[in-house]
Amino acid sequence: MALNQFMQENQSRHNNSDRNGWTTLCDLKSNYRHSGFFSENSKQMFTWEVKANDRTYNNQFQEKIFLCWQRRKYKGNTISTAKYNFFSFLPLNLYEQFHRMSNSYFLFIIILQGVFPEVTTVPWFTLFAPLVCLILIRAIRDLVDDIGRHMSDSTVNNRPCEMLVGERFMCRKWKDLHVGDLVRLHDTNIVPADILLLASTEPSSLCYVETADIDGETNLKYRQALLVTHNQLTTEMNMAFFHGKVVCEEPNSRMHYFMGHLEWEGKKFSLNSGNILLRGCKIRNTDTCYGMVIYAGFDTKIMRNCGMVHLKGTKIDRLMNKLVIMICIFVVLLSMALTMGFWSKVEEFRTMHYYVSELRVHDIITEVVIVFLSFIIMLSVMMPMAMFITAEFIYLGNSIFIDWDVELYYAPQDTPAKARSTSLTVQLGQVEYIFSDKTGTLTQNIMTFKKCCINGIIYGPDQNESLYRESPFLWNTFAHGKMLFRNSRLLSIVGNNKDKIVREFWRLLAICHTVMVMEKDNQIFYQAASPDEEALVTAARNFGYVFLARTQDSITVMELGERRVYQVLAMMDFNSIRKRMSVLVRSPEGSIYLYTKGADTVIYERLHGNASFGKGKPVKKATEEALNAFAEETLRTLCMAYKKVEEDQYQEWQQRHQEAKMRLENRAQALHQVYEEIEQDLQLLGVTAIEDKLQDGVGETIQCLKKGNIKIWVLTGDKRETAVNIGYACQLLSERMAILEEEQIAEILEAYHESKNSLPQIKMAAIIVTGEFLDQLTKSAARPMLQNKNSSTPQCLGMWQERAFVELACSCKAVICCRVTPRQKALIVALVKKYKNAVTLAIGDGANDVNMIRTADIGVGLAGQEGMQAVQNSDYMLAQFCFLRRLLLVHGRWSYMRVCKFLRYFIYKTLAIMMVQIWFAFYSGFTAQPLYEGWFMALFNLLYSTLPVLYIGLFEQDVSDEQSLELPELYIAGQKEELFNYWVFFQAIAHGIGTSLVNFFMTLWVSHDIGPISDYQSFSTVLSLSGLLTITMEVILIIKYWTILSVLAIFFSFCLYIMITRTSQSFWLFAISPTTFSFLSVDQNVLSHPYILLMILLNVSLNTLPVLAFRVIYQALRPLRLKVRVAGVSTAPCWKQGLQGDVEEEEKEEEKEEDELPIEEIPTMPRARRSSYAFSHQEGYAKLITQGTIMGRRSITTKAHLMKDLPQAWSLDELSMSIKLPCYQWKMSFLEENRF
């Protein structure tokens, strides 16, 4: 609240001074960054007080719920993501179900039948039984889905953890934790709540965490305990008597911010996000750490970002709700019109048929009301409940087909696809926007040393690796066996040890890093802050330059069997601004060298001036060509450079370096300037190329989906460089695309606002923005809707910015949002849904994707390495991103096509049969007398025509699955809602009315000359059989995928009609209940006359032949129209001609777009060579090393009898999930030379 108020005041202040209230996004971002808001106003937000080891104190805090009702302010650590509980399921589910207009309408009709039995024209069970069945089916489906959520919650809540109970740590469950409790965590444990780090066994109480499940970043981060708790909480006894109080901000969703202080022993100690372990983080490279719970359960930051469970519906469901309202209005108006006809005829009827006047016990007004209600009940079948019941089975069947698809089965993980929601399958065929996570979704999170360029020569993996009968690194006992990079030529050069550039290249990789080394079972293992550094150091290790150990001021390297110790004089850390890291070392010979690695754009600026001339020019040019080649292969590159530093130059620089380190103000800026001085006149060594492995088929999947007019946005918490590199790797971005940066976007929106014109036409462009930039757009999401574009109020401007940005982004070819929080991911999805009214799909594999998955219309969870949180909150589970292609283009498109064809046919057949009741009313005195036999009306939609409809909804195919994948353009029909919309709905109505008119009036016209159908029952039988045969011919015409099942469906439908009709018209049932079974042998008597059969054949022919002729002519003319638009004549079949024409036309349009300027009306700078630099690393590790903070390890005294006091209910297997005590130790120097 305070932050929003500050931003609104800031914006209002600028509104008074900048161009009629317009403030650019760049200004807002700058004000936000430099305002000092968090440091000055934070004290007002410190209302959260938690005392360690004192539940009584913490439980005294209450919060108001309503009026005088209060509850505990601090929540427990139990979470529940389910929609229902035992008591709320029935009322909430019924409330949700009767929000559907169709259910409410059917309930109203059933109430009419029950309250006014005299107006009932059809048996009451024709509506009541199907409604109960429909409600039960949907309730069971919702119950099963919610039971899955409860089971998922139970798994999480019952995870084991170690909690301080009394004076020792005992094994408990996550759900037992409360704020103020002290917990103990071990390596690979998942943090159960947001906790304050108190101490750890690492040096200076450091703790390393993996946050890929929260922010998507692959590099390790470190957290550090306060010095006071590190020094004093050295035993479990001390922790048991620790009663410090944490005063901090209220729970919020800001993942990277925390403000507060610790009050202990009369002193206050400042706290920030560097002291907090967030729920969902994984402890890495840390034996044991201790912490105090600050936020628990739904108060934790990750749960604050998870959002609520949304009730998801489909576009077709929303359209059907509108159509239901239209049908209800139509039925009411039609009933009123027919009732008016009865009003006008009732007096004439009574006069003419005076002999039945004794049966009329009501007055005219009452009879009019009764007739009106009777018509409503009789016409209620025009909106058949069987359609909704059948649709549920179709949704279920199509979902089961996804589960059974062996093409979606991933054998390496033994993971099939799973449709966790059965009601959204049809919407898989209408997706327009896909929002994808990066880490673990597009990538495998595996870094591999792929190639390198040394002294202008590119070394790649040998083409024929099968020549190696054994590993070429056997000479190196330290070689890592899993490294796949092998180059015999480079190995030979390294072995000869005569090429100085090659030697310095590998030496740089072994020295310039922040990796730590450990020994376990007489083998060395590297602990790296990022997978990039681990890959580089491992490559150097395999080529004979083995990093062995480091101390605060030295680093030990084994170079081709020779052990060399380098004195570290300075470490210049990497950060996102410097984009480089340097190490200044003194060699054993006494020479001083500076080794630097970083982005090509910054390294090339710092090369020696003579590098562009003479001998250096070919090397630099060849290296640039290598960088271009690596960029085309979408490899992550780092440039390597070094120089020799003279002693007097170093002494002068060292003095300035010490002065900069001692400064109290602007220390970082001074150090940066000093670093800049020494990092000049470098000599280029080469380039490394690391492959961030994509999942199989990611690039092909994205290209195929783009051809289907599906736009893909990548939303990641990772750094910009990494996200962009992956964008090129997966072919989301291309070299021809212009990249719109944040400043350009702000200028475009500002120009748009000032000109009041439409946004410029963006072609072949991509947008790349950060979470901080998006903050300025999404902060007004909860404000009132924009009423007037010219309004100058801050609220309207904020809403207008959102709309304009969404329009701009949606017009681009690709969008990448980096450094975004889980809540920002969900807000981006919500904005697209809000302003584009498009079907959205979100796919991810971690807890940071849960909110996005819940917000999107369709959520897909990947069963990846980041846990199962995304899967447990998703609608569909897949094992690989590439399976999304088949899920959408095959299953999604088939489901959409099947459901649309099913709905259109169901509406047609219902009207074709039931509209006859309307025409019959004109000949029955508008008395609401039903025409058909009651059993025919009850079983028509249930048995006589259900099997062919089910076949269409479950098995129909217009093209095969191979053709669906080859022609993704077919998918566009679902996005445009071409197969079922208002126009298709009215076509079905017109078709059904036409069929009913032909059947009724042809039969009526012929019946004047034919005796056997002169009675009411014979007339009804002829009409029912004519209608049934006509709709059967229609289903034969529309089925494209004929199998034995389709033939059996039609055959059994007729068999059921014959069997049930003969049974219901039998004499023994007539004898039991003459009123219920009044049609005695009518069907048999009528069909015994040949001319009746001819008349039925005439009705069917008049209904079928014109429709067939129209469709043939339409299909013949369609390719002709396409040939006019597309040059050339195709010899393919009709449907293929149309598709090929569309594809050719789209390809020509794309070529035309590429030939045009990338961005119209937008001035852009000439584009230089694209840098493929990407490096995952967190600033601060170099400082930890040089200060000695990271060196040395301590132990915290524990009780010897801890294990025997654990509860017996916990088995050793359960304990192993949470208690893992590695047996390795940090080593300063080890591994003697005689190992070579």
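Residue 577 in the numbering used here sits at position 554 of the sequence shown; the count goes up by one each step and never skips. Even glycine gets a Cβ: it sits at the ideal position worked out from N, Cα and C.
inquiry  = Tell me the DSSP secondary structure of V316 in three-state form.
reply    = In the structure shown, V316 sits in a strand (DSSP, three-state: E or B).
inquiry  = Taking 8 angstroms as the limit between beta carbons, can you name the residues of its chain near L717, skipping five residues before and five after?
reply    = L465, T466, Q467, I749, A752, C753
ask   = Quick one: what's R605 bridged to in DSSP?
value = Per the sequence presented here, residue 605 reads as Ser, with Arg not at that position. S605 pairs with M595, T619.
Rounded separation between R609 and K667 - CA only = 10 angstroms
message = Can you list, in chain order, the residues of its chain with a C-beta nearer than 8 angstroms to that of I1059? Leave out the 5 residues immediately preceding and following it.
response = I1073
message = Rounded to whole angstroms, what is the Cα-Cα separation between W1028 and E989?
response = Going from the Cα of W1028 to the Cα of E989 covers about 53 angstroms.
task = Give the range of the beta strand (DSSP E) segment to which N295 is assigned.
result = 290-295
message = Measuring alpha carbon to alpha carbon, tell me which residue in G137, Q120, R195, R164 is nearest N100.
response = Among G137, Q120, R195, R164, the Cα nearest to that of N100 is on R195.
ask   = Mind pulling the beta strand (DSSP E) runs of 3 or more residues that sit fully within the segment 140-225?
value = 183-188, 191-196, 205-209, 217-223
key: For L907, the first and last residue of its enclosing alpha helix (DSSP H)   = 906-909 is the span of the alpha helix (DSSP H), which, as asked, contains L907.
Identified DSSP bridge partners for E582 = Per DSSP, Y568, E585.
query = Under a three-way DSSP split, which group does R916 fall into?
reply = Looking at R916 - three-state DSSP - the assignment turns out to be helix.
message = Using only CA atoms, which one of L1103, M1082, S227, T1099 lies nearest to Q1088?
response = Ranked by Cα distance from Q1088, the first of L1103, M1082, S227, T1099 is L1103.
inquiry  = Let me make sure I understand the geometry here. Which of R1134, E1001, S983, I1095 has the alpha-carbon closest to that of E1057?
reply    = R1134
inquiry  = Need the endpoints of the alpha helix (DSSP H) that H284 sits in, please.
reply    = That residue, H284, is in no alpha helix (DSSP H); its beta strand (DSSP E) goes 282-287.
task = Using only alpha-carbon positions, find the residue among N126, I317, S103, P407 that is nearest to G171.
result = S103
ask   = Across which residues does DSSP place S228 in a beta bridge pair?
value = BP columns for S228 are empty, so no partner.
query = Who are the near neighbours of I469 in its chain, counting only those whose CB is closer than 7 angstroms to its CB and skipping five residues on each side?
reply = K716
query = Under a CB-based cut-off of 8 angstroms, is L514 close to chain D?
reply = Going by chain labels, chain D is absent from the structure shown, which holds only one protein chain.
DSSP beta-bridge partners of F757 = Note that residue 757 is Ser in the sequence shown here, rather than Phe. Note: S757 sits in no beta bridge, so no partner.
ask   = Applying the criterion that 16 or more other CB atoms from any shown protein chain within 10 Å of the CB defines a buried residue, is M760 buried or exposed?
value = buried
key: Straight-line gap, V391 to L356 (C-alpha atoms, nearest Å)   = 15 angstroms
message = Counting beta carbon pairs with one atom in the segment 967-981 and one in the segment 915-922, are three or more of them shorter than 8 angstroms?
response = yes
query = In terms of residues, what are the limits of the alpha helix (DSSP H) holding A434?
reply = Where A434 is concerned, there is no enclosing alpha helix (DSSP H), given that its DSSP letter is neither H nor E.
key: Whether R601 touches K742 by CB criterion (8 angstroms)   = no
key: Nearest-angstrom beta carbon gap, G297 and I218 [assumed within contact, 8 angstroms]   = About 13 angstroms separates the two Cβ atoms, so there is no contact after all.
For F1023, the three-state DSSP class (helix, strand or coil) = Three-state DSSP puts F1023 in a helix.
query = G189 and V73: beta carbons closer than 8 angstroms?
reply = no
request  = Within its chain, find whatever has a CB closer than 6 angstroms to the CB of E1169; leave out the 5 residues flanking it on each side and keep chain order.
outcome  = Low per-residue confidence applies at E1169: pLDDT is 46, beneath 50, and the placement is therefore not dependable enough to give any value.
task = List the endpoints of the continuous beta strand (DSSP E) containing V270.
result = Going by DSSP, V270 is part of the beta strand (DSSP E) stretching over 268-272.
task = Could you tell me how far apart the beta carbons of V232 and C329 are, in whole angstroms, since I believe they sit closer than 8 angstroms?
result = Incorrect: roughly 19 angstroms between the Cβ atoms, too far for contact.
message = Given this structure, state the Cα-to-Cα distance separating F570 from V591, to the nearest angstrom.
response = 14 angstroms
request  = Please state whether DSSP places Y899 in a helix, a strand or coil.
outcome  = DSSP places Y899 in strand when its eight states are reduced to three.
query = Is G203 near the ligand SAM, judged by its Cβ being under 7 angstroms from some heavy atom?
reply = As for the ligand SAM, it is missing from this structure, which has no ligand bound.
task = Spell out the partners DSSP gives K666 in its beta bridges.
result = L617
query = If we call anything under 8 angstroms between Cβ atoms a contact, is I457 one with I735?
reply = yes
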